[in-house]
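Right, one structure below, let's go through it.
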Amino acid sequence: MVSPLDTKLFRDLRRMKAQAGAIAMVIAMGVLLQVMMSGSTNSLTETRRAYYERNHLADIFVTLTRAPESELQRLGAIPGVRQVEGRVIGGIRIDLPQETVPIQGQAISLAETDRPGLNQVHLTNGTLPAIGSDDEALLLEGFARARGLNPGDRLQITANGVRKTLRVTGLAQSPELLFVAAPGELAPDAARFGVVWMRQDALSAIYGMQGAFNDAVFAQTRDANTSEIIDAIDSILDRWGGTGAFAREDLISDRFVMEEINSLIIMSRSVPPLFLAVAAFLLYIVISRMVQSEREEIGLLKAFGYTSFEVSAHYMKAVLIIAVAGVIAGCLLGVAAGRWMVGVYTQFYNFPFLVFRPDTFSFIFSAFAALTAASTGGLFVLRRVFALTPAEAMRPPTPPDFSKTLTFKSAVARMLDQPSRMVLRGIARRPLRTAALSMGIAGGMALSAGMTTIYASFEDNIDLFFSVVDRSDATVIFTHPVGDSAATDIARVPGIFAVEPAREVAAVFRNGLRSHRGGITGLPHSPEITRAIDASVRPIPLPDSGIVLSVPLANKLALAPGETLTVDVREGRRPTLQLPVVAVAESLLGAPAYMSLPALNRALKEPGRMTVAHVMFDSAEKDTIVSTLKAKPAVAGFLVAEDAQASLEKLMNEGAGAARYIMGVIAFVITFGVIYNAARISHAERLRDLASLRVMGFTRPEAAFVLLGELALITLVAIPVGSAAGYLISLALAAGFSSDLYQITATYDLASHGFAASFVVGASIVSGWLVKRDLDRADLVIALKTRE
Amino acid sequence: MQTAFVTRGLTKVYGEGHAAVHALRGVDIDVPQGEIIVMLGASGSGKSTLLNILGGLDRATEGQAFFQDTNLSELSDRELTIYRRRHVGFVFQFYNLMPSLTAGENVELVTEIAENPMPAAEALDLVGLDHRRDHFPSQLSGGEQQRVAIARAVAKQPEVLFCDEPTGALDSATGRAVLNVLRDVNVRLGTTVLMVTHAASIADMAHRVVRMQDGRIGEVNVNETQKTPEEIEW
Ligand SMILES: Nc1ncnc2c1ncn2[C@@H]1O[C@H](COP(=O)(O)OP(=O)(O)OP(=O)(O)O)[C@@H](O)[C@H]1O
Ligand SMILES: [Mg+2]
Chain V
0 MVSPLDTKLF RDLRRMKAQA GAIAMVIAMG VLLQVMMSGS TNSLTETRRA YYERNHLADI
60 FVTLTRAPES ELQRLGAIPG VRQVEGRVIG GIRIDLPQET VPIQGQAISL AETDRPGLNQ
120 VHLTNGTLPA IGSDDEALLL EGFARARGLN PGDRLQITAN GVRKTLRVTG LAQSPELLFV
180 AAPGELAPDA ARFGVVWMRQ DALSAIYGMQ GAFNDAVFAQ TRDANTSEII DAIDSILDRW
240 GGTGAFARED LISDRFVMEE INSLIIMSRS VPPLFLAVAA FLLYIVISRM VQSEREEIGL
300 LKAFGYTSFE VSAHYMKAVL IIAVAGVIAG CLLGVAAGRW MVGVYTQFYN FPFLVFRPDT
360 FSFIFSAFAA LTAASTGGLF VLRRVFALTP AEAMRPPTPP DFSKTLTFKS AVARMLDQPS
420 RMVLRGIARR PLRTAALSMG IAGGMALSAG MTTIYASFED NIDLFFSVVD RSDATVIFTH
480 PVGDSAATDI ARVPGIFAVE PAREVAAVFR NGLRSHRGGI TGLPHSPEIT RAIDASVRPI
540 PLPDSGIVLS VPLANKLALA PGETLTVDVR EGRRPTLQLP VVAVAESLLG APAYMSLPAL
600 NRALKEPGRM TVAHVMFDSA EKDTIVSTLK AKPAVAGFLV AEDAQASLEK LMNEGAGAAR
660 YIMGVIAFVI TFGVIYNAAR ISHAERLRDL ASLRVMGFTR PEAAFVLLGE LALITLVAIP
720 VGSAAGYLIS LALAAGFSSD LYQITATYDL ASHGFAASFV VGASIVSGWL VKRDLDRADL
780 VIALKTRE
Chain H
0 MQTAFVTRGL TKVYGEGHAA VHALRGVDID VPQGEIIVML GASGSGKSTL LNILGGLDRA
60 TEGQAFFQDT NLSELSDREL TIYRRRHVGF VFQFYNLMPS LTAGENVELV TEIAENPMPA
120 AEALDLVGLD HRRDHFPSQL SGGEQQRVAI ARAVAKQPEV LFCDEPTGAL DSATGRAVLN
180 VLRDVNVRLG TTVLMVTHAA SIADMAHRVV RMQDGRIGEV NVNETQKTPE EIEW
């Protein structure tokens, strides 16, 4: 038999279903985010691991100029190396019929064997190129999809100055190419970088690598010391133009996956707890209101002989039912949201498979956290149930005491009508509750404003980058260092009105034990097109000696201006340079290091050389300019600024950018949960007062003002507080998200804060409207009969 | 003699079908202006219902109720609000003061929106509580709270004062003080007072006594003389 108390419990819950629902929703949001994010983290981590393992992704990578195959034996003999494979990799240009701007790409060799080796491709479609074939190729699936290419299609490429027509035999994905960006760019763009795999003999023929290799990949034994192996590889390959071996975690594709996992972890640790705290607080105010209004029933139950425990258990059950409902809804929604997110990732990274693997621990953890938070809220209330004596509960109610709240001096008083005083005293009588309600809303708003600011800041960075740092319309990339007459040559092309030579040199930077694989960018003394900028966005002139480091690089190497940096140049004569750090430059994308071009060339003992040219042109003539330049000797490819900017912006709008709406929803749900519950409670507490006002001849809006005025004030206080806290959150997140791939400088972004505030205000209006509707429907006569 | 209210065939039904409760079954009554009218009747006989309809808090299901020349049944919600605001005052059994406003402010709550109010201080003076104007309801006794409620109701100088069991929650001495105030208001301001009560003896202070029975007017007695509250046996 169901106990009468349980019957009461279910009636109570049904009566306050909207309130209970709002709280359960806040809990559900917290659980949802936890489950979704840790599920995605888990899936991503697990998929990455499984994919790498299944396809035997190498542990160590190295690129060199050219080494005879005999060196592979020496490399394989390095202690700790389990397997080594030499490959041929070269830059290619892909000429698609409809496309004027040639597409850059890469050709990678496949060993002339069917025996599976390292870095195995994952064939999604078609077949591998036949062994010994010289015009068959696999095409990177992402590129093929973006360009509508299929097995059987022909592909025109230019490799090492040779034009060649390839027959696409199949499409493939590769664990070393989860993330594909055009060279020099940081946003993935499947359409603008193509990868083909050809059999090794065919590629060797093209690049003159017969019996040789220019890239090697290594698998190490389980307990080998990676950095020792790297040192051994570097010393063997030094004379073969090795550019420095690096471990898997420095593989650019892997770096991006890890970045994503990392930011998911940051979010999953910071966001859900806030929801649970707000939910605990809401349960506290709702249940305490319930206990307050049921004093008589509680007294009566105690008088009948129910123990305090039994009565408390009754209220605790209500708390737990709400919490469990929230947890269940959160888990279900979290799995659904996680699946969706994993779908996005599968598209974004070229994973051949990506199973959504919800983190079992996250279910247990979030259920535990939610129930604990809810019970804590409940326990605070239950103290009152225990304290209530039957006699006290049966005493007739006295009006709540306002004598210790605000009294108004006559000057102030004249300005305030009575309803306003009711609003202000209502707030002043329970300053803590008011403050807590405001804080709850402010928390939701802060989270939303903070996160949205990050996206906005990132977009600002992109804008700033393309308007101040890199003002070029296009960058012409040469196949090798060319004489600087190439710049004058380009400048003569009609429509081009500015050209600046620059040189990119691969290098390893060292400071003590710290090191960074990167490159030096050589620019004219006072460049006009592509520049280094300082913190106040002023261009930094490049001095005749010394190097300018970007902030993330200076941080990574722990160097300040005045200190000396060791640079191992990985090209040409491969000198080791000792360079004074002369300034630190702000950077927005990547972690560049700048030198003046003459100084760089002098250090390399290669005067008058350049590898790229930054150009500004009349965009109306883009197509003719591009086709003229394409025909110039030694031009490897182009980087059109417009395209680069577009792919960065696409990244923001499609991937991460969609998350801002989720953030809006977060602010809305929390605000709604808080305001709606606060409104319901005020409504219940004041029903009779409001009815009395109506009896006295106050109109509906006038009466509602007393109730809604308080909510409006709570909301108004919450907005600036939430905005300030949001700013702090954005600073913290910016610090957490910034790496040497992207830098985010959080600024106070008015639009983001306005966006969050509008969701807060919207939620406040919706809950106010719901309560006002009840108010309007309330029967005056019945309301007057209720005894508070 | 002017009439304040006239009703014809006033009917109120709560609910529908089997659950329907006929609270008023055709009430015809003429209420003259300036009198104290006491309504008596068994619990559930429809006293409060009638009072609420005349006071513009509720609507009749059928029939007409006129206040002077206004047909209350034809007023919109907004017009009813204005009617309450301008013409009538209410006093209830449970004082219904705003706990967050002082005695003085509770009165000002009404004077702020009324057309021709008396000063709040004067209204409080009328109930003998001007010296307590800065006290909150929680600092006043039940009788004092009820007197503030009366001050609040009369401060707008209403034509009619509706009192539903104004002494219901009070002891006899406190009740007498409250009744004195009501009589005072009637005498000094000429306000029509319609009072519902369960204490039959209070009827002795009325000009007219209306007995309700099962949703109808049972009988109406006119008192030749009115006793003062002090003279009433309680
Ligand atoms: N909201 C309502 N819904 C249903 N029935 C109602 C409602 N309000 C009043 N009634 C019924 O209408 C009838 C008249 O009620 P009313 O309140 O007018 O009685 P009353 O004479 O004032 O009684 P009392 O002296 O107990 O206050 C009663 O039978 C009551 O149960
Ligand atoms: Mg009644």
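Protein chains in written order, with numbering that gives the first Met the number 0: chain V, 0 to 787; chain H, 0 to 233. Yeah, the Cβ is synthetic: ideal placement off N, Cα and C, and Gly gets one too. Only a predicted model underlies this, so the values are computations on that prediction, with no experimental measurement involved.
Limits of the unbroken alpha helix (DSSP H) element including residue i
i        : result
V:Tyr454 : 430 to 463
H:Glu78  : 76 to 86
V:Phe704 : 699 to 736
V:Phe9   : 3 to 14
V:Val551 : For clarity, residue 551 of chain V is Pro in the given sequence; the question names Val instead. From DSSP, the alpha helix (DSSP H) with V:Pro551 extends over 550 to 556.
V:Ala490 : 484 to 490
Neighbour-count burial assignment, residue i, 16 or more Cβ in a 10 Å radius
i        : result
V:Gly281 : Residue 281 of chain V is actually Leu in this sequence, not Gly. Burial call: buried.
V:Gly298 : buried
H:Gln145 : buried
V:Gln219 : buried
V:Trp800 : Examination of residue 800 of chain V is not possible in this model, given that chain V is present from 0 through 787 alone.
V:Ile426 : buried
V:Thr529 : buried
V:Gly333 : buried
H:Glu78  : exposed
Range covered by the beta strand (DSSP E) that runs through residue i
i        : result
V:Ala106 : 102 to 109
V:Trp768 : Note, V:Trp768: premise wrong, no beta strand (DSSP E); alpha helix (DSSP H) at 749 to 776.
H:Asp29  : 20 to 31
V:Phe367 : It is not in any beta strand (DSSP E) - V:Phe367 instead sits in the alpha helix (DSSP H) that spans 359 to 386.
H:Lys11  : 2 to 13
V:Ser514 : 513 to 522
Contact test: residue i Cβ vs ligand 1 heavy atom, cutoff 6 Å
i        : result
V:Val759 : no
H:Gly243 : With chain H represented from 0 up to 233, any question about residue 243 of chain H goes unanswered, as that position is not in the structure.
H:Thr10  : no
H:Gly217 : no
H:Val20  : yes
H:Gly25  : no
H:Gly43  : yes
V:Tyr314 : no
beta-carbon residue i near ligand 2 non-hydrogen atom, thresh 6 Å
i        : result
V:Ser2   : no
H:Lys226 : no
V:Ser751 : no
H:Ser47  : yes
Minimum length 4: unbroken alpha helix (DSSP H) runs contained in the stretch 281 to 350 of chain V = Complete alpha helix (DSSP H) runs here, min 4: 294 to 303, 307 to 347.
request  = Could you name the residues of the stretch 112 to 141 of chain H whose beta carbon sits closer than 7 Å to any beta carbon of chain V, in the order they occur along the chain?
outcome  = Ile112, Phe135, Pro136, Ser137, Gln138
message = Which runs of the beta strand (DSSP E) at least 3 residues long sit entirely within the stretch 152 to 227 of chain H? Give them in chain order.
response = 159 to 163, 191 to 195, 207 to 212, 215 to 221
Segments of 3+ residues assigned as beta strand (DSSP E) that fall wholly inside the stretch 40 to 94 of chain V = 59 to 67, 80 to 86, 88 to 94
key: beta strand (DSSP E) segments (min. 3 residues) lying fully within the stretch 562 to 602 of chain V   = Taking only runs of at least 3 residues, the beta strand (DSSP E) segments lying wholly in the stretch 562 to 602 of chain V are 563 to 568, 575 to 584, 592 to 595.
inquiry  = Along the stretch 56 to 72 of chain H, where does the CB come closer than 7 Å to a CB of chain V? Name the residues.
reply    = Leu56, Asp57
query = Which runs of the alpha helix (DSSP H), 4 residues or longer, sit entirely within the stretch 108 to 150 of chain H?
reply = 119 to 125
task = Taking only runs that begin and end inside the stretch 181 to 224 of chain V, name each unbroken beta strand (DSSP E) of 3 or more residues, in chain order.
result = 192 to 198, 211 to 219
task = Below 9 Å between beta carbons is the criterion; list the residues of the stretch 692 to 708 of chain V that meet it against any residue of chain H, in chain order.
result = Leu692, Arg693, Val694, Met695, Gly696, Phe697, Thr698, Arg699, Glu701, Val705
Secondary structure, alpha helix (DSSP H): runs of 4+ residues fully inside the stretch 618 to 646 of chain V = 621 to 629
ask   = Looking at chain H, which residues of the stretch 9 to 35 of chain V have a Cβ within less than 7 Å of any of its Cβ atoms?
value = Near chain H, meaning a CB-to-CB distance below 7 Å, no residue of the stretch 9 to 35 of chain V qualifies.
message = Could you tell me which whole beta strand (DSSP E) segments of length 3 or greater appear in the stretch 103 to 169 of chain V?
response = 121 to 125, 135 to 139, 153 to 158
Residues of the stretch 408 to 441 of chain V whose Cβ lies closer than 8 Å to any Cβ of chain H, in chain order = Asp416, Gln417, Pro418, Arg420, Met421, Arg424, Gly425, Arg428
query = At what residue ranges does the stretch 30 to 61 of chain H contain a whole run of the beta strand (DSSP E), taking only runs of 3 or more?
reply = 35 to 40
ask   = Taking any Cβ of chain V, which residues in the stretch 187 to 206 of chain H have a Cβ under 9 Å from it, in chain order?
value = Residues: none.
Residues from the stretch 580 to 600 of chain V in contact with chain H, defined by Cβ distance under 8 Å = Against chain H - using a Cβ distance shorter than 8 Å - the stretch 580 to 600 of chain V contributes no residues.
inquiry  = Tell me which residues of the stretch 765 to 780 of chain V have at least one Cβ-Cβ distance to chain H shorter than 7 Å, keeping chain order.
reply    = Leu779, Val780
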